[in-house]
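Data block below; observations after.
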Amino acid sequence: MQIPKVGFGTWQSPDGEVAYEAVKTALITGYRHIDTAQAYGNELSIGEAIKDSGIARDELFITTKLWNFVSTYEEAVSSIDESLEKLGLEYIDLLLIHWPNPVKTRPNFKTRNSELWRAMEEAYEAGKIRALGVANFQPHHLDALFETAKIKPVVNQIYSNPSDQQEDIVAYNKAHDLLTEAYSPLGTGEIFKILALGEIAEKYDKTVAQTVLRWHLQKGYLPLPKSITPNRIKENAQIFDFELTDEDMVFIDQLHGALLPHKYPDNVQF
């Protein structure tokens with residue numbers, strides 16, 4: 003799987019003009035990886051922005067995710083086709099199971115994920131999907147999936163930022179050849195409360211956001227920054243012209259636990 007090193011996140015980008023303009027700006031800026039999900043409710047607008055961009059399909063990498071209301075093989079089959087139709091695409095580059103243990107099917111997450119994966123594998127074989135992955139999966143969720151999966155996942159997208167690094171999952175991902183994608187890499191804006199990051203950013207004449215995104219890259223993660231503000235969309239892409247020193251990388255590593263942690267997937271109420 004060939005995938006751009008940085009993606010453009012679209013969570014909390016409302017369907018309609020907001021999502022359309024954000025993705026349009028991102029594509030003009032140079033982003034080629036767009037990350038959406040059924041739960042975001044903006045696949046239609048994102049599809050329109052992709053179409054209107056005029057960019058060749060093979061230059062783009064589009065990700066979407068099956069939401070928690072998808073509980074069975076049959077529902078997954080129809081849900082995949084629905085996402086393709088909304089996005090206006092003949093194929094999706096990467097399809098993820100969004101959460102491993104929705105409250106609707108708890109505690110039978112093993113059966114649910116196995117059924118969804120079977121539908122995803124069939125879509126892969128049919129050419130509708132180019133790669134398969136998961137999001138928010140803990141090691142025990144992946145262990146269970148591996149028991150029945152014929153096609154292995156290539157990505158585990160997790161909540162990641164310097165304050166919440168989920169090192170155990172990252173280590174598991176690495177051991178199983180899973181790329182770690184980082185959603186909310188800026189901690190939904192909370193990361194800006196850590197004043198020490200501003201001091202590091204100033205050394206490189208960069209913003210805190212650029213510094214944190216660069217940290218993700220140097221850790222080997224694929225960050226998915228989200229913004230609907232044109233200047234920030236552009237700034238978040240300008241992270242390839244500098245490199246953090248080993249000392250600064252270690253300092254940022256030590257910020258783990260500075261803010262509130264992520265939602266544990268077996269306890270979410272959705």
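Using our numbering, you'd call the opening residue of the sequence shown number 3 and step up by one each time.
Even glycine gets a Cβ: it sits at the ideal position worked out from N, Cα and C.
These numbers were taken from a predicted model, which means no experiment stands behind them.
inquiry  = Strictly by DSSP, which residues pair up with K67?
reply    = Taking the first residue of the sequence shown as 1, we reach residue 67 at position 65. In the DSSP output, where bridge partners are listed per residue, K67 has L98.
task = Excluding the 5 residues preceding and the 5 following Q168 in the sequence, name in chain order all residues of the same chain whose CB lies nearer than 8 Å to its CB.
result = The count along the sequence shown starts at 1 and reaches residue 168 at position 166. Excluding residues within five positions, the ones whose Cβ falls inside 8 Å are I160, Y161, S162 and H264.
query = Distance, Cα to Cα, D268 vs D170?
reply = For the purposes of this step, residue 268 is identified with residue 266 of the sequence shown, where counting begins at 1. For the purposes of this step, residue 170 is identified with residue 168 of the sequence shown, where counting begins at 1. In this structure, the CA atom of D268 is about 16 Å from the CA atom of D170.
message = Between the alpha carbons of A146 and R114, how many angstroms are there, rounded?
response = One-based indexing of the sequence shown puts residue 146 at position 144. One-based indexing of the sequence shown puts residue 114 at position 112. C-alpha separation (whole angstroms): 11 Å.
ask   = For G11, which three-state DSSP category applies?
value = Residue mapping note: residue 11 aligns to position 9 of the sequence shown, counting from 1. Here G11 sits in strand by DSSP.
ask   = Under a three-way DSSP split, which group does P264 fall into?
value = Position 262 of the sequence shown, counted from the first residue, corresponds to residue 264. The question names Pro, yet the displayed sequence has His at residue 264. Here H264 sits in coil by DSSP.
ask   = What is the DSSP secondary structure of L188, reduced to helix, strand or coil?
value = On the sequence shown, position 186 is the one that residue 188 refers to. Three-state result, L188: coil.
message = Please give me, in chain order, every unbroken run of the beta strand (DSSP E) with length at least 3 that falls completely inside the region 97-180.
response = Runs of the beta strand (DSSP E) inside the region 97-180: 134-137 and 157-161.
query = Quick one: is M3 buried, meaning 16 or more other Cβ sit within 10 Å of its Cβ, or exposed?
reply = Here residue 3 is taken as the residue at index 1 of the sequence shown, counted from 1. So M3 ends up on the exposed side.
key: Member of E117, E84 and D83 whose CA lies at the smallest distance from the CA of T74   = In the sequence shown, residue 74 corresponds to position 72, counting from 1. Comparing Cα-Cα distances from T74 to each of E117, E84 and D83, the minimum goes to E117.
Those residues which DSSP pairs with L226 across a bridge = Here residue 226 refers to the residue found at position 224 when the sequence shown is read from its first residue. When DSSP reads this structure, L226 sits in a beta bridge with Y185.
ask   = Taking the C-alpha atoms as reference points, what is the distance between V252 and L219?
value = As a first step, residue 252 is located in the sequence shown; it is residue number 250 there, counting from the start. As a first step, residue 219 is located in the sequence shown; it is residue number 217 there, counting from the start. Distance from the CA of V252 to the CA of L219, rounded to the nearest whole angstrom, comes to 14 Å.
message = Taking only three categories from DSSP, how would you classify D17?
response = For the purposes of this step, residue 17 is identified with residue 15 of the sequence shown, where counting begins at 1. D17 carries a coil assignment under DSSP once its states are collapsed to helix, strand and coil.
task = Return yes when the Cβ of E183 is within less than 8 Å of the Cβ of L246, no when it is not.
result = Reading the sequence shown from its first residue, position 244 is the one you call residue 246. Reading the sequence shown from its first residue, position 181 is the one you call residue 183. No, these two residues do not count as a Cβ contact at 8 Å.
ask   = Going along the chain, which unbroken runs of the alpha helix (DSSP H) with 4 or more residues stay wholly within the region 192-251?
value = Listed in chain order, they are 198-205, 210-221 and 232-237.
task = Could you check what DSSP says for I5 in three-state terms: helix, strand or coil?
result = For the purposes of this step, residue 5 is taken as the residue at position 3 of the sequence shown. In the three-state scheme derived from DSSP, where H, G and I count as helix and E and B as strand, I5 is classed as coil.
request  = Name the two residues that bound the continuous beta strand (DSSP E) containing I36.
outcome  = Position 34 of the sequence shown, counting from 1, holds the residue named residue 36. Start and end: H35 to D37.
query = Tell me which same chain residues have a C-beta within less than 7 Å of the C-beta of W69, skipping the five on either side of it?
reply = Reading the sequence shown from its first residue, position 67 is the one you call residue 69. Correct list, in chain order: A39, Q40, A41 and H100.
message = For a test of the three-state rule: what should DSSP assign to A58, helix, strand or coil?
response = The sequence position of residue 58 within the sequence shown is 56, counting from 1. Coil, per DSSP.
ask   = Are F139 and P164 close, meaning C-beta to C-beta below 8 Å?
value = Position 137 of the sequence shown, counting from 1, holds the residue named residue 139. Position 162 of the sequence shown, counting from 1, holds the residue named residue 164. One thing to note: F139 has its Cβ no nearer than 8 Å to the Cβ of P164.
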